[in-house]
Structure formats: C-alpha cells, structure tokens
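2 protein chains.
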Amino acid sequence: MHEHEDAFREFLAKRGLKLTPERRLILEEVFRQHDHFEAEELLFRMRQRKVRVSKATLYRTLPLLVKAGLLREEVFGERHLHYEHVHGRKHHDHLLCLSCGKIEEFFDETMEQLQEQICARHGFAPTGHTLEIHGYCKDCRKRRG
Amino acid sequence: MHEHEDAFREFLAKRGLKLTPERRLILEEVFRQHDHFEAEELLFRMRQRKVRVSKATLYRTLPLLVKAGLLREEVFGERHLHYEHVHGRKHHDHLLCLSCGKIEEFFDETMEQLQEQICARHGFAPTGHTLEIHGYCKDCRKRRG
DNA sequence: CTCGATGCAAAGTATTTGCACCTAT
DNA sequence: ATAGGTGCAAATACTTTGCATCGAG
Chain A
0 MHEHEDAFRE
10 FLAKRGLKLT
20 PERRLILEEV
30 FRQHDHFEAE
40 ELLFRMRQRK
50 VRVSKATLYR
60 TLPLLVKAGL
70 LREEVFGERH
80 LHYEHVHGRK
90 HHDHLLCLSC
100 GKIEEFFDET
110 MEQLQEQICA
120 RHGFAPTGHT
130 LEIHGYCKDC
140 RKRRG
Chain B
0 MHEHEDAFRE
10 FLAKRGLKLT
20 PERRLILEEV
30 FRQHDHFEAE
40 ELLFRMRQRK
50 VRVSKATLYR
60 TLPLLVKAGL
70 LREEVFGERH
80 LHYEHVHGRK
90 HHDHLLCLSC
100 GKIEEFFDET
110 MEQLQEQICA
120 RHGFAPTGHT
130 LEIHGYCKDC
140 RKRRG
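First to last, the sequence lines map onto chains A and B.
Just so we're aligned, residue 0 is where the first sequence starts under numbering that gives the first Met the number 0, counting upward by one.
Just so we're aligned, residue 0 is where the second sequence starts under numbering that gives the first Met the number 0, counting upward by one.
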C-alpha cells in the first residue's frame with residue numbers, strides 16, 4: 000500500500016519539502032486507524048508500537064497531510080481536532096450521540112444536491128461542508144425508555 | 000426587555016442557582032450583540048462599557064446560558080467557541096468564506112425536513128444540528144475572477 | 001552541501017479550577 | 001444562615017515556536 004506514500008511524496012516535492020522517516024511513520028500510523036482519531040491518540044498508539052516521533056513533529060505533520068488531501072479534519076464541538084484518513088472513503092456526515100458519545104456516519108445524495116442548490120442561490124462556491132446532527136442514538140433511546 | 004432575564008432566572012431557580020448581578024450583566028451584554036461573538040470579545044466589550052466581571056465568571060456563565068437555551072454555541076473550525084444569542088432568531092446554518100472570513104446565514108426548510116428523514120432512518124432522536132458550508136462567497140469569487 | 005526537518009522545552013491560547021471571601025435567597 | 005457565587009491566580013489541555021543539531025535531496 001505505497002499509494003499514499005507516493006501521493007504524499009509528490010505533494011511534498013512540489014513545494015520543496017522532504018519525505019522524512021518521521022513523516023513516513025506518521026503517515027503509516029494514520030492509515031492504520033479505522034476511525035476518527037485525535038493527535039494525542041495517534042501519538043499514544045505510535046508509542047505503544049515503540050515508534051518514536053516527537054509531539055512537535057506530529058503537530059507539524061498532520062496539517063501537511065490535510066493539505067495533501069490524505070487526511071480530513073473534523074471538528075466535534077470539543078476544543079481539539081479530530082482527524083480521519085481518506086483512504087477510499089467517500090464524504091459523509093455525522094450523527095453524534097450526546098449520551099454515549101458514539102459517532103455514526105451517513106451519506107445522503109439528496110442532501111448533497113440540496114446543498115449545491117443552496118450555494119447556487121447565494122452565489123457561493125463550496126469547497127466542502129460539515130454536517131453534524133446531535134441527539135440520542137437508537138440504543139440510548141431504548142436504554143432510557 | 001426583561002423577558003430573557005425572567006427566563007434565565009426561572010432556569011436558575013429550577014436548579015437552586017442564583018441570579019447574581021454579574022450574571023445579569025453578562026446576559027445583558029450577550030443580547031447587546033447582533034452577531035456571533037467569542038468569550039474574550041464579550042469580555043472586551045464589557046470592559047469598554049466599564050462593566051467589570053471576571054473572566055472566570057464569564058466562562059462559568061456562558062455554558063449556563065447555553066443550557067438555558069438563551070445562547071447557541073457554534074464551532075467554526077477554530078479552537079475556541081463562538082456564540083450567538085437566540086432572541087427571536089430562527090435556527091439557521093452558515094456559509095463560511097475561506098477568503099474573507101465572512102459568515103452568511105441561511106435557512107432552508109427542505110434541508111430541515113431531509114435531516115428529520117435521515118434521523119428517522121437511523122432511529123436517531125435529534126436535538127439540533129450544525130451545518131457549515133465552506134467555500135468562497137460571491138464577492139471573493141468576483142475579486143479573484 | 002544546503003535548506004528543510006527534528007526534538008526538546010518553553011511559550012501560547014482558550015478555558016477551568018482551588019480557595020478564601022462574599023451574597024442572593 | 002447557608003448554599004451557591006465571585007475574583008484572583010495558578011493549573012490545564014491542546015498546540016505552536018525558538019533554537020541547536022541533523023539529514024534528505
């Protein structure tokens with residue numbers, strides 16, 4: 000699976016930046032995640048695997064991966080960022096459970112089209128969006144009656 | 000316009016909390032804003048008006064106003080919160096311009112209904128949502144051709 | 001060989017908390 | 001009276017930055 004590494008290398012080369020071992024290790028770990036994650040979480044997992052990269056380098060690398068289009072930045076109302084890699088994942092939106100904290104994903108084509116229409120009405124050229132619905136998930140509704 | 004104060008007092012009383020002068024001053028300033036604002040910004044404006052409330056009290060009061068349903072919390076991708084009061088304002092979503100930082104508001108009934116449908120499909124009981132579309136506004140598109 | 005990159009620790013930013021004193025109910 | 005509230009300053013959480021050294025291209 001060197002496809003991401005190649006993409007990253009190309010992105011870096013284009014702006015005179017270098018693909019260092021550290022950046023490669025971070026990229027590797029990012030794509031090992033199968034869900035949303037936070038910076039500190041990633042660092043912790045790398046340390047568990049005995050992979051050592053400084054916090055500073057991690058914080059310097061994540062934005063690069065976002066700019067390279069390999070990572071997506073999500074804001075979940077907390078005061079730190081969440082990320083998710085883009086490996087063959089289509090865009091999707093989120094349902095956040097206020098009770099158990101679970102994050103469900105969904106995709107709805109009608110929703111996407113509707114947003115295009117709204118933007119057109121405002122003369123707005125969209126580059127992306129975030130839709131986050133807060134509430135209570137199926138399980139938590141059952142649990143509390 | 001004591002209607003908000005009454006609502007806040009009722010909210011507080013219900014849980015054995017008190018309506019102090021400081022809380023009243025913060026509430027007053029919140030409804031003096033006609034747009035989104037940040038905690039530090041509000042504090043600054045209060046200081047300009049020679050109204051003195053400690054930072055700690057402000058940070059302790061804002062969440063109360065949110066819980067009381069008088070203030071809405073918005074997350075604009077930055078790492079600090081934005082607020083907007085709810086005085087007779089209907090729910091709306093946002094268009095964020097990446098170039099000039101302008102925030103346009105919009106409301107679309109079809110969008111609201113569509114979200115209800117999506118939630119129903121997932122057995123999810125929504126309490127609210129945030130939809131933020133990022134891109135370039137009409138003016139900035141003109142400016143850059 | 002030359003910039004860009006790294007690690008460390010110190011500095012920032014936004015927000016929260018402990019504590020001694022104060023006050024709305 | 002008394003539980004809750006206040007200001008202050010110290011603490012926290014997350015992220016950024018300065019600097020001396022290192023290493024990819």
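For each residue, glycine too, the CB sits at the ideal point set by N, CA and C.
According to DSSP, simplified to helix, strand and coil, what is residue i?
i: C96/A; result: strand
i: L70/A; result: strand
i: E37/A; result: strand
i: Q32/B; result: coil
i: F43/B; result: helix
i: R140/A; result: helix
i: T19/B; result: coil
i: R59/B; result: helix
i: V52/B; result: coil
Compare the beta carbon distance of residue i and residue j with 8 Å and say whether it is the shorter of the two.
i: L64/B; j: L70/B; result: yes
i: F119/B; j: A67/B; result: The residue asked about is misnamed: residue 119/B is Ala in this sequence, not Phe. No, the Cβ-Cβ distance between A119/B and A67/B is not below 8 Å.
i: H91/B; j: H35/B; result: no
i: L130/A; j: H93/B; result: no
i: H1/B; j: L26/B; result: no
i: E28/B; j: R44/B; result: yes
For the alpha helix (DSSP H) containing residue i, list its first residue and its last residue.
i: H3/A; result: 2-13
Just reading off the beta strand (DSSP E) that residue i is part of, what are its end residues?
i: F123/B; result: Taken as a continuous stretch (DSSP letters only), F123/B belongs to no beta strand (DSSP E), as it is neither H nor E.
i: F105/A; result: 102-105
i: E83/B; result: 81-84
Determine the burial state of residue i: buried for a count of at least 16 other Cβ atoms within 10 Å of its Cβ, exposed for fewer.
i: R51/B; result: exposed
i: E109/A; result: Before going further, note that residue 109/A is Thr rather than Glu in the sequence given. The residue is exposed, with fewer than 16 neighbouring Cβ atoms inside 10 Å.
i: F123/A; result: buried
i: L16/A; result: exposed
i: T147/A; result: Because residue 147/A is not part of the residues shown, which for chain A are 0 to 144, the question remains open.
i: C96/B; result: buried
For residue i, write down the residues that DSSP places opposite it in a beta bridge.
i: I132/B; result: H128/A, L94/B
Closer than 7 Å: is that where the CB of residue i sits relative to any heavy atom of the ligand NAD?
i: F7/A; result: Looking at this structure, you won't find the ligand NAD or any other ligand, since it has none at all.
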